[in-house]
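A.B. asks: Handing you a structure now.
In the numbering used here, the protein residues as written are 94 to 268.
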């Protein structure tokens, strides 16, 4: 069975300028540490780290910054420490559809990453800004009072070839 996938982006209210540092990780990967939000994540060495005044706390683009594959981590105030206990697939999809009108889940499940459980999903949809179909592999986890959302995206036609790298980035997320 062939699946079609897409991506949606979450925009955070804080930037990472000056907060992070890149260090060595496993071969072929670079580790990023965010001092303020106390998370680490690794990304392929040939990807380029981007910084924003208002945007994700972590953002990398494939092909030395040319993309279109990308990953980011957004940190926002959790809507309650029991957010993940209360969220379900329909509620999360409604939230995503506020940005991506045609969003559709291909996968959605509760999953443990390290010793923390969260929500893992793959969503399809058309980006409003670029107006093309993308796939996003995402993961949300609550740590303390913060909601961390990792998302890795690619155009639909390139998602499956990028998925192993996206899973590696997700697997490296630590607090």
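Where a beta carbon is used, it is the ideal one built from N, C-alpha and C, also for glycine.
In this text, all values refer to a predicted model and were calculated from it rather than measured experimentally.
Short of 6 Å in beta carbon distance, which residues of its chain neighbour residue 236, apart from the five on each side in sequence? Order them along the chain.
C.D. replies: Once the five neighbours on either side are set aside, the close Cβ partners of residue 236 are 268.
A.B. asks: Taking the straight line between their C-alpha atoms, what separation do you get for residue 189 and residue 132?
C.D. replies: For residue 189 and residue 132, the distance between alpha carbons rounds to 24 Å.
A.B. asks: Kindly indicate which residue of 213, 253 and 147 has the alpha-carbon position closest to the one of residue 243.
C.D. replies: Answer by Cα proximity: 213.
A.B. asks: With DSSP as the reference, please indicate the residues paired to residue 230 in a beta bridge.
C.D. replies: In DSSP, residue 230 forms a bridge with 215 and 245.
A.B. asks: Could you give the distance in angstroms between the alpha-carbon of residue 195 and the alpha-carbon of residue 201?
C.D. replies: Going by the C-alpha atoms only, they are around 16 Å apart.
A.B. asks: Leaving out five residues before and five after residue 230 in sequence, what residues of the same chain have Cβ atoms less than 6 Å from its Cβ?
C.D. replies: Closer than 6 Å at Cβ, skipping near neighbours: 215, 245 and 259.
A.B. asks: Can you list, in chain order, the residues of its chain whose CB lies under 6 Å from that of residue 255, leaving out five sequence neighbours each side?
C.D. replies: The residues are 162 and 247.
A.B. asks: Quick one: measure Cβ to Cβ for residue 262 and residue 226, integer angstroms, because I've assumed they're closer than 8 Å.
C.D. replies: Residue 262 to residue 226, Cβ: 21 Å. No contact.
A.B. asks: Is residue 268 helix, strand or coil when you go by DSSP?
C.D. replies: Three-state result, residue 268: coil.
A.B. asks: Considering only residues of the same chain and omitting the five flanking positions on each side of residue 176, which have a CB-CB separation below 6 Å?
C.D. replies: Answer for residue 176: 235, listed in chain order.
A.B. asks: Do you know how far the Cα of residue 185 is from the Cα of residue 127?
C.D. replies: For residue 127 and residue 185, the distance between alpha carbons rounds to 26 Å.
A.B. asks: Whole angstroms are fine: how far does the CA of residue 151 sit from the CA of residue 142?
C.D. replies: Cα-Cα distance, rounded: 8 Å.
A.B. asks: Applying the criterion that 16 or more other CB atoms from any shown protein chain within 10 Å of the CB defines a buried residue, is residue 217 buried or exposed?
C.D. replies: The residue is buried, with at least 16 neighbouring Cβ atoms inside 10 Å.
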